[in-house]
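These notes are about the structure you will find just below.
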Amino acid sequence: MKKQMLALFLCMALFSGCAGGQAVVSEAVETMAAGAAEAPEEWFKLLEADMEAGGMQLQQVMLRERDVLKELSLPEITLVMVGDMLMHMPVNNSGKKEDGSRNFDHLFTYTKDMISEADIAIVNQEVILGGPELGISGYPRFNTYYEVGDALVEAGFDVVLHATNHSMDQGLAGLENCLGFWEENYPDIAVIGMYDSQEDRDEIYVYEQQGIKIAILNYTYGTNGLPLPSGMPYAVNLIEENLIAQDVARAKELADFVILCPHWGTEYVLKETNAQHLWAEFFLECGVDLVIGTHPHVIEPVEMLTDEEGNEMLVYYSLGNYVNSTASEEKNIGIRMLGAMATVTIARNAEGEVYIKEYGAEPLVTYVSADKKTITTYPLELFTEEMAAESFTRRRDANFTKEHCEEIWREVFGEMGLE
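Just so you know, my numbering puts 36 at position 11 of the sequence shown, and the rest follows in order with no gaps.
And the structure:
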C-alpha cells in the first residue's frame with residue numbers, strides 16, 4: 026500500500042509542473058524515487074497527514090517531504106554499552122550444568138534483544154578469562170571461565186574492554202590465556218585495552234558503517250598494585266596523559282568520531298570525583314567525542330561538556346555493574362545491583378559533521394536468588410518487588426526494593442530511561 030501511494034504521488038508530481046517550480050519538484054521526485062524501496066516509516070506518516078489535511082499545493086508538499094526524507098536518510102549508528110561483568114564466585118557457579126559443561130547465556134536472557142539490535146555493542150569485561158587451568162576465583166583476584174566469552178558473543182557484543190584494575194589478577198598467564206581465547210575463537214571481536222604485543226597495542230580500533238568511522242579507546246587507572254609483565258609495558262593501557270593524547274590524535278586522523286572508555290573513579294560512590302572531572306576536561310581538550318566510564322560498581326551521572334570553541338563531549342561517568350553477586354556485609358549494597366546501559370545514536374548531518382544525535386540510559390538490575398543458584402540481569406521495568414523481596418540481596422540490604430532502585434536511578438539520572 027505504501028509503495029502504491031508513493032508511486033501515485035510521484036506520478037502526480039511528474040505531470041503537475043508549475044511555472045518556475047519544475048526544477049525543485051524534479052529534485053524532490055528524484056530524492057523520493059531513490060529511497061522508494063525502503064522509505065522511512067516516519068516519512069510515510071508525514072506524507073499521509075499532509076495529503077489528508079489538504080490545503081497545501083503539491084509543490085509545497087513535495088519540497089517539505091523532500092527535506093524530511095533527506096534528513097531521515099542521513100547515515101546513523103546506534104551504540105549500546107554495559108558496565109562491569111563482575112564475576113564473583115556465585116556468578117561463576119551459576120553457569121555450571123549437571124553434565125559438567127558450562128554456559129552463561131542466562132546472564133543476557135532479558136537484555137539480549139537490546140544488545141544485539143544495536144550496531145555497536147560494548148561490554149566492560151572486568152575480569153580475566155583465564156580458564157579453569159588457572160583456577161576459577163572471585164574477589165579479590167578474579168578469574169573466570171572461557172564460556173563467559175562465548176556468552177558475550179552470543180548476546181551480540183562487538184567490542185570487549187579489558188583494561189581494568191583486575192587485568193593482571195592472574196599475571197602473564199592470565200593475559201595470554203585470555204587473549205589467546207579471543208584470538209583463536211572470535212578473531213572478529215574487537216578486544217581492546219589489553220595486549221600481548223606492541224604492534225597490537227599501537228593499532229587503533231576503528232568501526233566503520235555507512236561511511237562513518239568510529240574509533241574506540243580503553244584505559245585503566247591501575248592494576249591493583251600488580252606489575253605489568255616484565256618487558257611488556259604495552260600489556261595494559263594505563264590512564265596517562267601523554268599516551269592518551271597521542272592515541273586520541275592518531276584516532277582523530279583515522280576516524281570521524283572518538284570514544285574513550287576509562288576505568289576510573291571511586292568505588293560505591295554515586296557521584297563523580299574531582300579527579301574524574303579533571304580527566305574528562307583533558308579528554309575534551311584532546312578532542313574526544315564520547316566518554317563512557319566504568320569501575321565504581323555503581324551508576325554515576327551523565328553530562329554534556331562544552332569547551333570554549335563550542336566543541337561538545339558527552340560523559341557517562343559510570344555505568345555500574347552489569348552483573349555481580351557481592352557477599353559484602355556492608356550496608357547499602359543494593360546500589361551495586363543497579364546498573365545502566367548507555368544508548369547513543371551517532372549520525373552525520375547534512376553538512377557532513379558526525380555528532381551525537383540522541384543519547385540515554387536504560388536501568389538494569391542484577392537478580393540473585395535466595396540460594397544464589399539463579400543469577401541474571403533484568404531491565405528495571407521487568408524486575409518486580411516480589412523478586413527483590415525473595416532475593417539474596419535483600420538479606421544483606423533491607424532497602425533493596427524495586428522502588429528504592431528507581432529512587433537511586435532518579436537521584437543519578439533523573440527521569441532518563443524511566444519515561
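Note that beta-carbon positions come from the ideal geometry of N, C-alpha and C, so glycine has one too. Keep in mind that this is a model prediction, so the values were computed, not measured.
- The alpha-carbon of residue 99 is positioned some 45 Å away from that of residue 194.
- Annotated three-state conformation of residue 373 is strand, per DSSP.
- Within the same chain, and ignoring the five residues on either side of residue 164 in sequence, the residues whose Cβ sits closer than 7 Å to its Cβ are 113.
- Classified as exposed, residue 334 has fewer than 16 neighbouring CB atoms from the shown chains inside 10 Å of its CB.
- With contact defined as three or more Cβ pairs closer than 8 Å, the region 259-277 and the region 400-417 are not in contact.
- Cβ neighbours of residue 412 within its own chain (closer than 6 Å, five residues either side excluded): 392.
- With a cut-off of 8 Å on Cβ pairs, the region 148-166 is not in contact with the region 433-441, counting fewer than three such pairs.
- The count of Cβ pairs closer than 8 Å, one atom from the region 174-181 and one from the region 125-134, reaches three, so the stretches are in contact.
- The three-state secondary structure of residue 357, taken from DSSP, is coil.
- Going by DSSP, residue 201 is part of the alpha helix (DSSP H) stretching over 196-210.
- Straight across, the Cα-Cα distance linking residue 356 with residue 116 is about 21 Å.
- About 27 Å separates the beta carbon of residue 234 from that of residue 109, a gap too long to meet the 8 Å contact definition.
- In this model, residue 104 and residue 366 are separated by some 10 Å (Cα to Cα).
- Per DSSP, residue 273 is not a residue of any beta strand (DSSP E); the alpha helix (DSSP H) it occupies stretches across 266-279.
- When secondary structure is reduced to three states using DSSP, residue 140 falls in the helix class.
- It is roughly 31 Å from the alpha-carbon of residue 341 to the alpha-carbon of residue 420.
- With a beta-carbon spacing of about 4 Å, residue 372 and residue 101 fall inside the 8 Å limit used to define contacts.
- At the C-beta level, residue 312 and residue 287 stay beyond 9 Å of one another.
- In the three-state reduction of the DSSP assignment, residue 114 falls in the helix class.
- In the DSSP assignment, residue 230 is bridged to 241.
- For the options 425, 406, 424, 439, the alpha carbon positioned closest to that of residue 136 is the one of 406.
- Take the alpha-carbon of residue 296 and the one of residue 326: they are about 7 Å apart.
- Looking at the backbone, the Cα of residue 122 and that of residue 203 are separated by about 22 Å.
- In the DSSP assignment, residue 174 falls outside any beta strand (DSSP E) and lies within the alpha helix (DSSP H) extending over 172-180.
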